[in-house]
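So the sequence shown is residues 1 to 151, counted in UniProt numbering.
Glycine is no exception: its CB is placed at the ideal position from the N, C-alpha and C atoms.
Here is the structure we will look at.
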Amino acid sequence: MRTLIVEDEMLLALELESEVEASGHQVIGVASDFAEAVKLVDDAMPEFAFVDIQLRDGPTGIDIGRHLASKGIPFIFVSGNLKRIPHDFVGAVGAIEKPYTVNGLQNALSYVHELLAGAGSPVPPPSLIVLNTTAPAEHESGAERNSVAAG
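Here is the structure:
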C-alpha cells in the first residue's frame, strides 16, 4: 500500500515510516504542513495516509483529511488530542491516539489493507477508534465512538 505520512514531529514521522515499511508497505512521502501534504496527495496519489491533526502550520490536519476524502483516499488520524476530530471524522477510516503502540499501529494498517483489498467487513482492531455508523448523526457523541484504549 502506497502510504503518505503527515506528521510535523520528525522523530515520530521517522518511527511511523519505519513501522509502515516493516509492515510491507511503501511510504511515498512525509509532509509536515498543509502545503507539503496537498502537493504529495496531488502528485503521488497515495493509496492511504496517516494524518496528524496539529502540524507545523497549525491544526490543518483536518483540512488535509477533507482533501484526502475528496479524492477518495482513505486515511487515519494519529493525534494526541482526539477531541479535535469533528464528530463525522471528515471521512477518516478512524483514529489512533498518541502515544500508540507498534502492535496497535500494525493492526490498524492490516485493517486498512483488508478494507482496500475488499475483504468484506473486517473488525476494527482495539487500537483504532472508529465512527459508530449505527448511531444517528444528530445523537452521536464522543462516547458513541469505538473508544477502546490503544493496544
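Problem - Alpha carbon of LEU12 to alpha carbon of ALA22, nearest angstrom - result: Between the alpha carbons of LEU12 and ALA22 lies a gap of roughly 15 angstroms.
Handout entry: Presumed contact (8 angstroms Cβ cut-off) between ILE53 and SER70, rounded CB distance
Key = With a Cβ gap of about 18 angstroms, ILE53 and SER70 do not count as contacting.
Practice task
State the Cα-Cα distance for the pair PRO74 and VAL93, rounded to the nearest angstrom.
Solution key: 6 angstroms
Problem - LEU16 versus GLY104: straight-line alpha-carbon distance, rounded - result: Cα to Cα, the separation comes out at about 12 angstroms.
Exercise for the section: Would you please state the rounded distance, in angstroms, between the beta carbons of LEU131 and ALA108? I believe it to be under 8 angstroms. Expected result: Not confirmed; about 14 angstroms, so no contact.
Practice task
Please confirm whether GLU7 and VAL102 have their CB atoms less than 7 angstroms apart.
Solution key: no
Practice task
Look up ARG2 in the DSSP assignment and say whether it is helix, strand or coil.
Solution key: strand
Problem - Rounded separation between LEU82 and ILE96 - CA only - result: 8 angstroms
Exercise for the section: Could you tell me which residues DSSP pairs with ILE73 in its beta bridges? Expected result: DSSP lists no partner for ILE73.
Exercise for the section: Determine the direct distance from the alpha carbon of VAL41 to that of LEU68, and round the result to whole angstroms. Expected result: Linking LEU68 to VAL41 through their CA atoms gives a straight-line distance of about 7 angstroms.
Handout entry: DSSP state of VAL102 mapped onto helix, strand, coil
Key = helix
Handout entry: For GLY94, the three-state DSSP class (helix, strand or coil)
Key = strand
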